[in-house]
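Position in the sequence shown (first residue = 1) + 970 = the numbering used here.
Cβ coordinates follow ideal geometry from the N, Cα and C atoms, glycine included.
Okay, so here's the structure we're looking at.
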Amino acid sequence: MTVLVKALAELPGVTGLEALRASRRVVELLTGARWHMMRQAREEGSSWSQIGTALGMTKQAAYDFYRRNLDQQDATAAPGTYDSDRSRAALGRNAGQ
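Here's what the structure looks like:
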């Protein structure tokens, strides 16, 4: 964290508010990437317990995170922009694990 604070301090003209906006965008990108990596892990046979452990959370929290993101994609994505069936299949595969 100190490295990031120091790096930001060395950038000319970057305000705290601009840094916050940038950090929000980075978090959005990482969250989106996490969701896709979770789907990949499920397709490779990983259990929700394994995914939860990798993310430092319970298997239920990992499942709920994935499910919320899947529901959000279904509600907001333009038709044909992502494979809902593939994502739903990953949700249900070994759902009890």
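Check, Outcome
"Buried or exposed, going by whether 16 or more other CB atoms sit within 10 Å of the CB of Ala1047?", "exposed"
"Rounded to whole angstroms, how far is the Cβ of Gln1043 from the Cβ of Tyr1052, which I believe are closer than 8 Å?", "6 Å"
"For Arg1012, count neighbouring C-beta atoms within 10 Å of its own C-beta (all shown protein chains included) and say buried if the count is 16 or more, exposed if not.", "buried"
"Straight-line CA distance for Met1008 to Val975?", "30 Å"
"Is the Cβ of Lys1029 closer than 8 Å to any Cβ of chain D?", "Among the chains in the structure shown there is no chain D, since it carries only a single protein chain."
"According to DSSP, is Tyr1052 helix, strand or coil?", "coil"
"Mind checking Ala1073: buried by the 16 CB within 10 Å criterion, or exposed?", "Only positions 971 to 1067 of the chain appear in the structure, and residue 1073 is not among them; the question remains open."
"Identify which residue in Ala1045, Tyr1036 and Trp1018 has its Cα closest to the Cα of Thr1028.", "Trp1018"
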